[in-house]
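Heads up, the sequence shown is in full-length UniProt numbering, so the first residue is 1 and it goes up one at a time. Below is one structure, written out as structure tokens; comments come after it.
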Amino acid sequence: MAEISRLPRPVADEWEWQYQGSCRDLPSEMFFHPDGERGPRRRNRENTAKAVCASCPVIAACRAHALAVQEPYGIWGGLSEDDRLAIIGKDSTPDISHAS
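This is the structure we're talking about:
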């Protein structure tokens, strides 16, 4: 018989915080950019999404998740893709300086 305490926890336990997210009932388009979105339109959408995150009760869990799994898209825990890349120390452009 399997040792219950050694079994992985149900995935739902890992995502429980999402049920309390302020973004839960909002359109996903607010947090994820459409193809080709740039400039002022993108900044405005990101700022609107970040304002929702600012008062969210699970902002810390959301941010920790996004950084841990290196979420490539969207606003998570008040951070944009560029914000997360800056924190984890990765440049969004490929390094071609060593290409032969």
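No residue lacks a Cβ here, since even glycine has one placed at the ideal position from N, Cα and C. Bear in mind that the values here come from a model prediction, so they are computed numbers and not experimental data.
*C62 versus P40 - alpha carbon distance*: 25 angstroms
*With respect to the alpha helix (DSSP H) encompassing D82, which residues constitute its N-terminal and C-terminal limits?*
E81 to I88
*In whole angstroms, what separates the C-alpha of S100 from that of L85?*
Any reading at S100 is ruled out, since the residue's pLDDT is 44, under 50, leaving its predicted position unreliable.
*Which residue from P72, D35 and G77 puts its Cα closest to that of R24?*
G77
*Out of G89, H65, A64 and I75, state which residue places its alpha-carbon closest to the alpha-carbon of V52.*
I75
*Backbone CA spacing between P94 and E71 [nearest angstrom]*: Reliability fails at P94, whose pLDDT of 49 lies under 50, so the model's placement of it is uncertain and the value that follows must be treated cautiously. So the alpha carbons of these two residues sit roughly 18 angstroms apart.
*Since G39 is in the alpha helix (DSSP H), which residue starts that stretch and which ends it?*
G39 to A54
*Per DSSP, W76 is paired with what?*
L79
*Spatial distance of Q20 from I59 (CA atoms)*: 10 angstroms
*CB of C56 within 7 angstroms of CB of S22, strictly*: yes
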